[in-house]
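A short write-up of the structure that comes next.
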Amino acid sequence: MAKLFHVVATSARLVSRSDRRSALKGTAVITLSAVLVSLVLTSIAIMLVGERDWLSPLVLAALLPLLLVAPPLYLFSCRLIALDRYNHQLQQLAREDHLTGLFNRPHLLGMLERELALSQRHNYTVSILLIEIEDFTQLLDSYGRHTGEKALRLFADCIREKIRESDLFGRFDGAQFLLVLPHTNFDDAARMGEGLKALAGNLKLSSPGTATQPEEAVTVCARIGVASTENSGRSLNPLLNEADYALYQNRNEGREKTPPPALS
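Every number in this note's numbering is 41 more than the matching position in the sequence shown, counting from 1.
This is the structure in structure tokens:
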């Protein structure tokens with residue numbers, strides 16, 4: 042019995058205080074029900090047998106569920122809650138990008154495929170924006186990984202605040218993000234892309250200063266490639282290829298012109 046209570050105490054430490062309260066509440070309800078059932082059945086048995094000493098059997102009927110039901114049930118509840126929390130964390134890791142908290146590429150592409158299938162069934166347009174932070178490699182080389190990660194998080198948060206609940210947004214690859222716009226045609230998606238570019242151009246963050254390099258303000262700029270099922274059909278790869286090609290053209294046009302300043 043002492044070993045059982047030790048196992049119960051160990052399992053309880055694996056879950057949070059609120060989860061322990063939930064497990065304890067559920068255990069109390071079920072144990073109380075078991076005690077009541079045990080008392081009723083024992084009372085019926087006493088009446089049928091005609092036993093005069095009814096106190097001892099009733100006390101035993103009340104104690105047995107407390108000793109035999111409550112500890113293993115509480116143990117099972119704690120283990121079940123810990124397992125559920127662990128599974129939730131695994132599911133979260135499977136669908137989220139650890140740095141930005143956005144959907145990661147595999148999960149986002151799966152959702153895009155489902156959206157394309159729905160658009161085929163219900164005959165509506167889906168557009169996508171492939172968004173890239175300009176000169177991100179140069180930013181990393183100049184200011185380091187910490188500033189680069191800070192730029193990615195700031196950029197992701199900025200766009201996330203401006204999109205609709207029905208839109209799908211995730212980190213696609215490195216400094217690239219993918220925004221899926223259901224019920225949006227090409228022209229509307231292009232206008233939204235221009236708005237997001239202007240919004241990104243207003244983002245600034247500080248690079249950490251060093252002994253040899255003072256702190257500087259870093260401007261985050263974006264390029265965007267637009268694609269739509271209006272032009273590419275409803276297959277995943279052609280749609281992504283169109284957006285990637287549009288992004289490639291914008292990248293080359295930017296190189297032919299004077300590139301936007303990385304610093305301010």
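Beta carbons are placed, not taken as given, at the ideal position from N, Cα and C, and that holds for glycine.
Note that the structure is a prediction, hence the values are computed from the model and not measured.
Sub-8 Å separation of residue i and residue j beta-carbons
i	j	result
Leu180	Val267	no
Ile265	Leu170	yes
Phe117	Gly211	no
Arg275	Ser183	no
Ser273	Ala230	no
Trp95	Ile85	no
Ala102	Thr83	yes
Inter-residue Cα distance where the pair is residue i and residue j
i	j	result
Lys238	Cys262	7 Å
Ser168	Ala64	47 Å
Thr188	Arg126	33 Å
Arg194	Thr141	5 Å
Arg62	Leu124	16 Å
Leu149	Glu156	10 Å
Asp228	Leu121	51 Å
Tyr286	Arg146	19 Å
His224	Glu190	32 Å
Leu77	Asp60	26 Å
Val110	Ala75	8 Å
Arg292	Glu175	9 Å
Leu244	Ile200	11 Å
Ser207	Pro112	46 Å
Leu209	Leu107	51 Å
Leu288	Thr68	58 Å
Arg232	Thr166	16 Å
Arg186	Ala284	27 Å
Glu235	Lys203	13 Å
Tyr115	Arg58	14 Å
Leu280	His163	18 Å
Ala216	Asn128	29 Å
Ala252	Gly151	With a pLDDT of 45 at Ala252, under the threshold of 50, the modelled position of that residue is not reliable, and no figure is offered here.
Leu89	Lys66	35 Å
Cys119	Arg136	26 Å
Gln290	Asn278	18 Å
Val70	Ser97	24 Å
Asp138	Asn282	23 Å
Ser205	Glu294	Looking at the sequence itself, residue 205 is Arg, so the reference to Ser does not match. Near 30 Å, if we compare the C-alpha coordinates of Glu294 and Arg205.
Inter-residue CB distance, residue i and residue j (contact presumed, cutoff 8 Å)
i	j	result
Phe213	Leu222	Phe213 to Leu222, Cβ: 15 Å. No contact.
Leu99	Leu80	6 Å
Asn226	Glu271	6 Å
Ala192	Leu246	6 Å
Phe177	Ala241	Their Cβ separation, rounded to whole angstroms, is 12 Å, which puts Phe177 and Ala241 out of contact at 8 Å.
Opposing strand residues paired with residue i [DSSP bridges]
i	result
Gly84	Just to set this straight, residue 84 is Ser in the shown sequence, not Gly. DSSP, once it has assigned bridges, lists no residue as partnering Ser84.
Ile122	BP columns for Ile122 are empty, so no partner.
Arg212	Phe218
Pro223	Val167
Q.
What ranges does the alpha helix (DSSP H) occupy inside the stretch 228-282, keeping only unbroken runs of at least 4 residues that lie completely in it?
A. Listed in chain order, they are 270-273.
(Q) Threshold first: 4 residues or longer. Then list the alpha helix (DSSP H) segments lying entirely within the stretch 131-212, N to C. (A) Entirely contained in the stretch 131-212, the alpha helix (DSSP H) runs reaching 4 residues are, in chain order, 146-163, 177-184 and 186-201.
Q: Counting only runs of 4+ residues fully inside the stretch 63-117, write out the alpha helix (DSSP H) ranges in chain order.
A: Segments of the alpha helix (DSSP H) lying fully in the stretch 63-117: 96-109.
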